[in-house]
Amino acid sequence: MEILTELTNNILLITLNRPEAGNSLNGALSEGLSNALTDAETNPEVRAIVITGAGEKIFCAGMDLKAFAAGEDIAKIGMGFTALRKCSKPLIAAVNGHALAGGFEVVMMCDLIVSIESAKFGIPEVKRGLFAAGGGVRLPARIPLAVAMEMGLTGDPIDAARAKELGLINQVAPAAELRDAALALAARITVNGPLAVQATKQLMLDEIGDGNPQLMGELQRKVFTSEDAKEGPRAFAEKRAPEWKGR
24 MEILTELTNN
34 ILLITLNRPE
44 AGNSLNGALS
54 EGLSNALTDA
64 ETNPEVRAIV
74 ITGAGEKIFC
84 AGMDLKAFAA
94 GEDIAKIGMG
104 FTALRKCSKP
114 LIAAVNGHAL
124 AGGFEVVMMC
134 DLIVSIESAK
144 FGIPEVKRGL
154 FAAGGGVRLP
164 ARIPLAVAME
174 MGLTGDPIDA
184 ARAKELGLIN
194 QVAPAAELRD
204 AALALAARIT
214 VNGPLAVQAT
224 KQLMLDEIGD
234 GNPQLMGELQ
244 RKVFTSEDAK
254 EGPRAFAEKR
264 APEWKGR
């Protein structure tokens, strides 16, 4: 199964479970994540949600470019992001390894972040002729604009130490203690009034804004259907440098 769930003490642990593919986001995993979050939204027993990845090296490598290059519908791959954005309950990312591209965007859709020291964070979509259409829009609200621009325009990652320095992540923990650290943080939330917690989350997100949905849709149609958007993932699958056309 692409998604594993475990509910304990009002905390739902969701595990992205495609370790053989870097927990990359294909349609099945995204649909599973969407279903888990939708169920959690209506379950009064769930007061906080922790999201982590299977394996020891990668939290999530982003969109499954091979699946995208093979023609998988981008809307289906994006189902998980829609559910993350709609989730009213606190989301905590337990980053067990590198979080890149769509994987970093999953992290950005979370409210709090606990990470291991060796993790790297980045949105390298531009290197494949794409752009960060999910949680990447929240990055300038969480770190200085100049740094967000550098990450977005170069596609180069930062390490956990730099992310902590920038205030992007809340806590760095040894790998063996990551899950416990994330659950302990979630437990500090679940002792509070659930309606008050959800209202606080919504008010804070409303304050920073969450992108322009109309503009995002226009850009997605322009970029993700372009020749370059097909060339980038194809070049990745074929292990060669892309040949950009700018159209």
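Numbers 24 to 270, taken from the numbering used here, label the letters of the sequence shown in order.
Cβ atoms here follow ideal geometry from the backbone N, Cα and C, with glycine treated the same way.
Close-in-space but distant-in-sequence residues of the same chain around residue i (CB under 7 Å, 5 per side omitted)
{"i": "L206", "result": "I34 and V73"}
{"i": "E266", "result": "E254"}
Rounded distance between the beta-carbons of residue j and residue i, thought under 8 Å
{"i": "L39", "j": "L52", "result": "6 Å"}
{"i": "K112", "j": "Q243", "result": "Not a contact, Cβ separation roughly 27 Å."}
{"i": "A260", "j": "K89", "result": "5 Å"}
{"i": "A204", "j": "A196", "result": "4 Å"}
{"i": "G126", "j": "G85", "result": "5 Å"}
DSSP-derived helix/strand/coil call for residue i
{"i": "A98", "result": "helix"}
{"i": "S249", "result": "coil"}
{"i": "S111", "result": "coil"}
{"i": "M86", "result": "strand"}
{"i": "V137", "result": "strand"}
{"i": "K143", "result": "strand"}
{"i": "V195", "result": "strand"}
Chain-order list of residues whose beta-carbon lies under 8 Å from that of residue i (same chain, five-residue window excluded)
{"i": "D332", "result": "With the chain represented from 24 up to 270, any question about residue 332 goes unanswered, as that position is not in the structure."}
Pairwise C-alpha distance: residue j and residue i
{"i": "R299", "j": "L162", "result": "No information on residue 299 is available, as it lies outside the stretch 24 to 270 that the chain covers here."}
{"i": "K109", "j": "D251", "result": "31 Å"}
{"i": "A198", "j": "R270", "result": "43 Å"}
{"i": "A264", "j": "G152", "result": "12 Å"}
{"i": "E254", "j": "D182", "result": "28 Å"}
{"i": "T31", "j": "A258", "result": "43 Å"}
{"i": "R185", "j": "M131", "result": "16 Å"}
Cβ shell of residue i (< 6 Å), same chain only, five flanking positions each side left out
{"i": "P167", "result": "none"}
{"i": "F91", "result": "P256"}
{"i": "G178", "result": "P147, V149 and K150"}
Member of the options whose CA lies at the smallest distance from the CA of residue i
{"i": "E25", "options": "A59, E173 and L189", "result": "A59"}
{"i": "I100", "options": "W267, K262, A258 and F247", "result": "F247"}
{"i": "L114", "options": "A258, S47, E64 and A171", "result": "E64"}
{"i": "S57", "options": "R185, Q194 and F104", "result": "F104"}
{"i": "I136", "options": "V118, A124 and I231", "result": "V118"}
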